[in-house]
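Colleague: Okay, here's the structure, questions in a sec.
In the numbering used here, the protein residues as written are 97 to 241.
And the structure:
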């Protein structure tokens, strides 16, 4: 699985480099000349929110245990964390467990999960998470640990 993620991240880097090197028109001319399967893979990568991550938003390629983004307002922390988390869930830890840490349960739910840059919004079409908050009578939310 780690090799699959590494290959996917390398493909993202390759496509970015091609777009910069060839320019807009040159890139699409080149796309018309490549094999259909490779073209589909490139189009799929370009539709993945992880493709939009800037260098300071990507996870390191070496071994690590905690991914922490310390950036200012508007730097894309939520988008970066969600896109990277979706990649980890798909390629490294399918069926595994993870933890989302935020200042409050409400912040985790409304921003990190349901927000416009959250996990659900940034999930690739083939990996959209199912999320159903547990809401009890009298609007008491329960945190399940």
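We treat Cβ as the ideally placed atom computed from N, Cα and C, and that holds for glycine.
Just list the alpha helix (DSSP H) runs in the region 171-217, keeping only unbroken ones of 4 residues or longer that don't cross its boundaries, in chain order.
Modeller: Entirely contained in the region 171-217, the alpha helix (DSSP H) runs reaching 4 residues are, in chain order, 173-183.
Colleague: My guess is that residue 185 and residue 194 are in contact by the Cβ rule of under 8 angstroms, so how many angstroms apart are they, rounded?
Modeller: Position 89 of the chain shown holds residue 185. Position 98 of the chain shown holds residue 194. That pair is a contact at about 7 angstroms.
Colleague: Can you give the Cα-Cα distance for residue 51 and residue 163, rounded to whole angstroms?
Modeller: With the chain running from 97 to 241 in the structure shown, residue 51 is simply not present.
Colleague: Grab the span of the alpha helix (DSSP H) containing residue 152 for me, first residue to last.
Modeller: In the chain shown, counting from the first residue as 1, residue 152 sits at position 56. It is not in any alpha helix (DSSP H) - residue 152 carries neither H nor E in the DSSP assignment.
Colleague: Under 8 angstroms between the Cβ atoms of residue 225 and residue 217?
Modeller: Taking the first residue of the chain shown as position 1, residue 225 is located at position 129. Taking the first residue of the chain shown as position 1, residue 217 is located at position 121. No.
Colleague: Taking only the alpha-carbon atoms, compute the straight-line gap between residue 167 and residue 209 and give it to the nearest angstrom.
Modeller: As a working mapping, residue 167 is identified with position 71 in the chain shown. As a working mapping, residue 209 is identified with position 113 in the chain shown. Their backbone Cα atoms lie some 19 angstroms apart in a straight line.
Colleague: Using C-beta distances below 7 angstroms, list every residue in its chain close to residue 174, excluding the 5 sequence neighbours before and after it, in chain order.
Modeller: The residue given as residue 174 occupies position 78 in the chain shown. Around residue 174: 207, 208, 211, 213, 214.
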